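Have a look at the structure below, then the notes.
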C-alpha cells in the first residue's frame, strides 16, 4: 500500500491483515462499499485537478466509483488529505483495503449503529412503468442538484448525518484505545516489595474467605469477612480475621470452638481489622498508607530497610506511612504501630535547592536528613517476672556448686506468663543521618543517580556510603523497567547498616551469630553497641568495608499497573556475620492466577552460609490468588516465619557451649535454646464474594485484575 493510515501504528497493524485477507475480498468489498457509501470527502477531492498523467490504475478506480470508496475509507480512520492523495494517484489498493476494514469493523462493533435504510422511491401514478420490448427506453431525467442548506444543529441532524457522526465518534474512540500508553519518564521508586505477605485485590470487593489454617502443628478454621471500596485516590478495606481452634498439635483429640488466644491478646492486635487505608500511590506527591503487610524503608535504607513488623506469627502490627513532596522538597514518615504500643518511628526531610531550574540534572539535587528510633528496644533479657536481674554474658559454669548444690549456670529465663515473649529491660536506640543525591545522567526513559550518606547512632558508631542507582525503561505498548544499585560502605564499631531490617522484631531479642565470644546469645543492642554492665563488652574492631548490590526487573502496562517483577539483593562486609541476601518474585502465573514469593536470609557468616545453613534463621513468604469463577477465588499462603514455640511462662536456656565445667566440658543436659524458632504456616482458603470497579477504569485497564 502506498498511502499510510492515520498513524504509523495503525498502518503496521492493518497492513498484514490487508495483504493476508482483505485483497482476496476486493470484489465483494467494492460492492458492499458502494452499497453503504455516503458522499463525504470525495466531492472536494474530485474538484481538484488530477495529475497530468494519472497512472493506469485510475481507469479501474473510475469503474469502481470514487465517492463510495472514499466514504468508506474515511470511516476506517483515514484523513481527508490522504483520501484525496489516493484518489489523485489512483491508489485502488489503499481505498479497497480501507473499505474492507470499515465493513469488518461495522459488523463486529455493536457500538456502531446500523445505517438507516433509504426510503423506497415513490411510484409514478398508474403503477410502475414497464419498458416495452420493442421500444427503446428513454434515458432517465437527471435530478436537479440539491441546494446547499446550512448545517443543522447537532440535535437536528438528519438520520444519515447522525449515523456518520456516530461512526466518526466510534472511530476516534477506537483510535484512542489503540494508541500506546505514554510514559513521562522511567518508572519511579522501588520495583519490588520483599516482605509482602499476601495477594490483595485492588478492586472494590465484598465477601468472605474460609478454609483451614495450619500454624506450626495447630489446626484452625479460618473465617475472614472483608470488604473494600476505592473512591478515586482514597482506598479502604477492612476485615475480621478469625481463627477457630480445631486441633491442637501434639494431642490426639479434636477441640471444638474457641478463638486463637494469641490473635487478640494485645492492643496492637485489634488494629488488624484494617486491611488497608491508602490515599494516592507511592511516589505520588501525596501518599498515605495504613496496612499490616507492606515493608518499610527510609531513604536509601542505611538505617531502616525492608522493616516488617509481622514475622512473628503470634503478633500483629499495623503500620503507617505518610509521604509528601513538591519541586522544592518533601518529607517521609514511618510508624510501625498505629496503636503506639510499639514505638519504632522513622522520618526523612529533604530540600531541593535548585528546584526552580528547568534543567533536569541540576534540578534533581536533593539534600536530606533522616531520623530513626526504637524507644522500646530490648537492652537485656530478665530472668523472670519475679527476678528482674538481667542474664549476664559471662561468668557462668556448668554443673552444680560443690558447696551449695545450686546450679552455677545462671542463664535460665522464664517468658512472660501472659504474652509468652521474654521479659526485658528496654532502652532507646536512636540514629540520625544526612544524605545528598543528584542525577548524573537524565534521558527520556532513563536516568542515573549518585548519592552519598552519613549516619550516626546516638552515643555509638557511625557509617558512610556512596553509590549509583540506574533506572531505564523500554517498550511501547507494555514497558520493561530495570533498576540497578551498586554501593560502597564503610563503618566503625557500634554501627550496623540497615539496623532496622526485615528480621528486627526477632533479632532485637536474640541476635544469633555463627560465633560469639559470650556465653549467652546477646540482644541486638548488646551485639552491636555492647553492654558492659551485663558482661557484654563494647566492640573494638577495625573499621569495616563492604558493598551492597541490588537489581530488579519489572513489567508494566502503564506507570501504575505492574504485571510482573523479579529482584534480588546481596550485601556483605569485612565484619563478622553480616552477609544478607534476598530474592523476590511477583507475577501473574497464568490468566486469573497471581502470586508472589520472597526469600530473606540475614546475619550469615558468608554467602555460602546463606544456603549452607539450611533455612534456619531465614524467612520464606509465598502466596497465590486463583480466580475459579467470577464470584469464587482460591487463596494459598505459605510462610516460614518465627514463633516462640515454648509459649507463655516456659523456661528457656540461653547459655551456649561456652559454659563449661572445671574440666572444660559443656553440660550434657542443657543445650542452647532459641527464643524464636522457625515454624511453617499454611492457609488454604476459598473466597466467596463479588468484585467490581468503575467503568472508566475497566476501559482504561482492559478489565484486568490488578493485585499486589
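Numbering (the numbering used here), first residue to last: 8 to 715.
Even glycine gets a Cβ: it sits at the ideal position worked out from N, Cα and C.
Computed from a prediction, not measured in an experiment: that's the story for all the values here.
Per DSSP, reduced to three states, the secondary structure at residue 634 is strand. Residue 310 and residue 509 have their C-alpha atoms some 12 Å from each other. Secondary structure of residue 604 (DSSP, three-state): strand.
The residue among 555, 488, 235, 583 with its C-alpha nearest the C-alpha of residue 610 is 583. Fewer than three Cβ pairs drawn from the stretch 278-287 and the stretch 593-601 lie within less than 8 Å of each other, which leaves the two stretches out of contact. Counting C-beta pairs with one atom in each stretch, the stretch 643-653 and the stretch 407-414 have fewer than three that are closer than 8 Å, which means they do not touch. Distance from residue 586 to residue 552 at the Cβ level is roughly 14 Å; contact not present, criterion being Cβ atoms closer than 8 Å. In the DSSP annotation of this structure, the continuous segment of the beta strand (DSSP E) that includes residue 330 starts and ends at 326-333. In the DSSP assignment, residue 512 falls within the unbroken alpha helix (DSSP H) covering 511-514.
Taking a C-beta distance under 8 Å as the contact criterion, residue 695 and residue 639 qualify as a contact pair. In this chain, the beta strand (DSSP E) harbouring residue 471 covers 469-481. Per the C-alpha coordinates, the member of 230, 577, 550 positioned closest to residue 617 is 577.
By the C-beta density criterion, residue 442 is buried, having at least 16 other C-beta atoms within 10 angstroms. In this structure, the alpha-carbon of residue 219 lies about 40 Å from that of residue 398. By the beta-carbon neighbour count (other beta carbons within 10 angstroms, threshold 16), residue 385 is buried.
Excluding the 5 residues flanking it on each side, residue 683 has same chain C-beta neighbours closer than 8 Å at 319, 513, 516, 517, 649, 650, 651, in chain order.
Leaving aside the five residues that flank residue 250 on each side, the residues in its chain whose CB is nearer than 7 Å to its CB run, in chain order, 220, 227, 229, 266, 267, 270.
For a cut-off of 8 Å, the C-beta gap from residue 679 to residue 663 is around 4 Å, short enough to register as a contact. In the structure shown, residue 229 adopts extended strand secondary structure according to DSSP, grouped into three states. As the crow flies, the alpha-carbon of residue 637 is around 41 Å from that of residue 349. Secondary structure at residue 675: coil, using DSSP grouped into helix, strand and coil. For residue 572, the CB contacts under 6 Å within the same chain, skipping 5 residues up- and downstream, are 198, 199, 561, 593 in chain order. Among the bridge pairs identified by DSSP, residue 489 is matched with 479, 560. Your pair residue 563 and residue 485 checks out as a contact, with CB atoms roughly 7 Å apart and the cut at 8 Å.
The way I'd put it, the stretch 323-330 does touch the stretch 292-299; three or more beta-carbon pairs between them come closer than 8 Å. Rounded to whole angstroms, the gap between the alpha carbons of residue 440 and residue 224 is 44 Å. DSSP places residue 531 in the uninterrupted alpha helix (DSSP H) bounded by 531-536.
According to the DSSP assignment, residue 298 belongs to no alpha helix (DSSP H) but to the beta strand (DSSP E) extending over 293-298. Put simply, the stretch 482-498 touches the stretch 537-555. At least three CB pairs are less than 8 Å apart. Taking all protein chains shown into account, residue 481 has fewer than 16 neighbouring C-beta atoms within 10 Å of its C-beta and is therefore exposed. By the Cβ-count criterion, residue 543 is buried, with 16 or more other Cβ atoms from all chains shown falling within 10 Å of its own Cβ. With a 10 Å radius around the Cβ and a threshold of 16 neighbouring Cβ atoms, residue 686 comes out buried.
Between residue 454 and residue 462, the C-beta spacing is not below 8 Å. Secondary structure at residue 457: strand, using DSSP grouped into helix, strand and coil. The beta carbon of residue 206 sits closer than 6 Å to the beta carbons of 601, 630, 632, 714 from its chain, once the five residues preceding and following it are set aside; these are given in chain order.
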